[in-house]
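1 is the number of the first residue of the sequence shown in the UniProt record's numbering; add one for each residue after it.
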Amino acid sequence: MHRFASSIASKARVAGGGSSSSRQIGSRFAWNRNYAAKDIRFGVEARALMLKGVEELADAVKVTMGPKGRNVVIEQSFGAPKVTKDGVTVAKSIEFKDRVKNIGASLVKQVANATNDVAGDGTTCATVLTRAIFAEGCKSVAAGMNAMDLRRGISMAVDSVVTNLKSRARMISTSEEIAQVGTISANGEREIGELIAKAMERVGKEGVITIAAY
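What follows is the structure in structure tokens.
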């Protein structure tokens, strides 16, 4: 029986492998697995670190904003550095060693990605707005404002702003207007804007344009 138990213990150690360890207690076996520890933060400390992550990511992204926006050089693991003026590309490339700061940065990335999926543009503007809303929200909570009341207030403000923007919006119809919008989205490349306008003329408003690299 003793040899049989020893044999089982030996097999159990082999099966556990890697980061697991096994020990024999009488005829029972217990395994200890080494899982990554969770870094738990609360209150002011947590908000401060998250805000720092939001601000540092926004600082890197905001330089690409607008017609006078500048390029950002991103180091890559393989190959030459990447030069881009696209806000969401800059945001995706940023990771922090501090996990709480990284959570703050990830919140902004979610906003930028959602804006990119819905509108295809405006990711830098969305990042700057998110930074401002988050920073002012942290100030209000620190001053004693109820967080849920603050959230409801932000939602009401967003609804009001969206309604106002929709009332100011107008449909574009001419090829020149389409080229202007395309040029802005292409970071000032008028030639690309004109190509987009020509493609839109051929397929119409409901058509689909597929772009492939050759």
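Backbone N, C-alpha and C fix where the C-beta goes; we use that ideal spot for every residue, glycine too.
Remember, predicted model here, so these are calculated numbers, not experimental data.
Test item: CB-CB of G193 and A186 under 8 Å: For the purposes of this step, residue 193 is taken as the residue at position 193 of the sequence shown. For the purposes of this step, residue 186 is taken as the residue at position 186 of the sequence shown. One thing to note: G193 has its Cβ within 8 Å of the Cβ of A186.
Considering only their Cβ atoms, is the gap separating K97 from G53 smaller than 8 Å? For this step, residue 53 is matched to residue 53 along the sequence shown. For this step, residue 97 is matched to residue 97 along the sequence shown. Not a contact, by the Cβ cut-off of 8 Å.
For T84, which beta-bridge partners are listed by DSSP? Numbered from its first residue, the sequence shown carries residue 84 at position 84. Its beta-bridge partners are V72.
With contact counted as at least three CB pairs below 8 Å, one residue from each stretch, are the region 140–158 and the region 172–181 in contact? The region 140–158 is not in contact with the region 172–181.
Would you kindly work out how many angstroms separate the C-alpha atoms of E189 and T183, rounded to a whole number? Here residue 189 refers to the residue found at position 189 of the sequence shown. Here residue 183 refers to the residue found at position 183 of the sequence shown. CA-to-CA, the gap between E189 and T183 works out to about 5 Å.
Tell me where the alpha helix (DSSP H) around E136 begins and ends. Within the sequence shown, residue 136 is the residue found at index 136, counting from 1. Counting along the chain, the unbroken alpha helix (DSSP H) around E136 starts and ends at 123–142.
Relative to the C-alpha of N116, which residue among A46, R99, R131, V90 is closest? Stepping through the sequence shown from its first residue, residue 116 is reached at position 116. Across the set A46, R99, R131, V90, the C-alpha of V90 shows the shortest separation from the C-alpha of N116.
Who are the near neighbours of M65 in its chain, counting only those whose CB is closer than 6 Å to its CB and skipping five residues on each side? Reading the sequence shown from its first residue, position 65 is the one you call residue 65. Its chain contains T124 as the residues whose beta carbon lies nearer than 6 Å to that of M65, once the 5 sequence neighbours on both sides are disregarded; these appear in chain order.
Can you tell me the Cβ-Cβ gap for Q76 and K68, rounded? I've got them flagged as a contact below 8 Å. The residue labelled residue 76 in the question sits at position 76 within the sequence shown. The residue labelled residue 68 in the question sits at position 68 within the sequence shown. The beta-carbon separation of Q76 and K68, rounded to 26 Å, does not stay under the 8 Å limit for a contact.
Please state whether the Cβ-Cβ distance between V141 and A147 is less than 8 Å. Walking along the sequence shown from the start, residue 141 turns up at place 141. Walking along the sequence shown from the start, residue 147 turns up at place 147. Their beta carbons are under 8 Å apart, which means V141 touches A147 by this criterion.
I196 to V203 span [Cα, whole Å]: Position 196 of the sequence shown, counting from 1, holds the residue named residue 196. Position 203 of the sequence shown, counting from 1, holds the residue named residue 203. Whole-angstrom Cα-Cα distance: 11 Å.
DSSP on R152, reduced to helix/strand/coil? Here residue 152 refers to the residue found at position 152 when the sequence shown is read from its first residue. Of the three classes helix, strand and coil, the one that applies to R152 here is helix, per DSSP.
In whole angstroms, what is the alpha-carbon distance linking T130 and V111? By 1-based counting over the sequence shown, the position of residue 130 is 130. By 1-based counting over the sequence shown, the position of residue 111 is 111. In a straight line, the C-alpha of T130 is about 8 Å away from that of V111.
Beta carbon of I74, beta carbon of T84: below 8 Å? Position 74 of the sequence shown holds residue 74. Position 84 of the sequence shown holds residue 84. Closer than 8 Å, so yes.
Can the beta-carbon of C138 be found less than 8 Å from the beta-carbon of R70? Walking along the sequence shown from the start, residue 138 turns up at place 138. Walking along the sequence shown from the start, residue 70 turns up at place 70. No.
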